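See below for the structure under consideration.
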Amino acid sequence: MDNKYNQWLELFKKDHFATQVVGIDIVDASPGYARTVLDIEPRHHNAVGITQGGVIFTLADFALAVASHVGHNDTLVAIECNIAYLKPVTSGKIYGEAKEVAKSKSLAYYEVEIKNDTNDLIAKFNGRVFVRRQQK
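One gets the numbering used here by counting positions in the sequence shown from 1 and adding 25 to each.
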């Protein structure tokens with residue numbers, strides 16, 4: 026990953042819930058793009074033994090946050106998100122890959138795909154963010 030994005034990577038290390046509680050890491054990031062990873066552990070399972078939907082949502086939401094902030098001086102906040110769970114997962118690594126699809130002065134739209142180690146599509150996530158312009 027390019028060192029010029031280190032300030033944003035340091036910022037997102039402060040996301041205690043995503044990085045410490047859930048255990049998500051950033052694999053790659055550039056303006057409008059991010060790839061995150063999570064090594065599924067038994068602690069991520071729900072009562073029926075598959076990865077809890079909230080864990081998968083958090084992986085996608087974190088990828089969205091990183092992709093929308095890297096390279097920007099503005100603060101962007103999610104205002105609408107949805108997810109479709111397509112395949113259960115119980116072990117291995119899952120990856121969240123966020124891509125910016127559209128952006129205006131005040132809104133941006135991202136698509137995030139969650140895939141496993143064998144590139145199976147686990148979930149699709151869409152998110153819209155509001156761009157809070159920094160005061161000058």
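Yeah, the Cβ is synthetic: ideal placement off N, Cα and C, and Gly gets one too. Quick caveat, the model's predicted, so the values are computed rather than measured.
Give me the residue from K130, V102, L146, A103 with the minimum Cα distance to Y120. By 1-based counting over the sequence shown, the position of residue 120 is 95. Checked all of K130, V102, L146, A103; the closest Cα to Y120 is L146.
Exposure of A72, with buried meaning 16 or more beta-carbon neighbours within 10 Å: Position 47 of the sequence shown, counting from 1, holds the residue named residue 72. Exposed: under 16 other Cβ atoms inside 10 Å.
If you measure from the CB of V73, is any heavy atom of the ligand PLP nearer than 8 Å? The model depicted lacks the ligand PLP and carries no ligand whatsoever.
How would you write the range of the beta strand (DSSP E) that T61 sits in, first residue to last? Mapped onto the sequence shown, residue 61 falls at position 36. First-last of the beta strand (DSSP E) with T61: 58-65.
Buried or exposed for E105, please, with buried defined as at least 16 other CB atoms from any protein chain shown within 10 angstroms of its CB. Along the sequence shown, read from residue 1 onward, the residue named residue 105 stands at position 80. Under this definition E105 is an exposed residue.
Can we say the stretch 28-45 touches the stretch 64-80, given the rule of at least three CB pairs closer than 8 Å? no
Residue range of the beta strand (DSSP E) that includes A72: Along the sequence shown, read from residue 1 onward, the residue named residue 72 stands at position 47. Note, A72: premise wrong, no beta strand (DSSP E); not H, not E.
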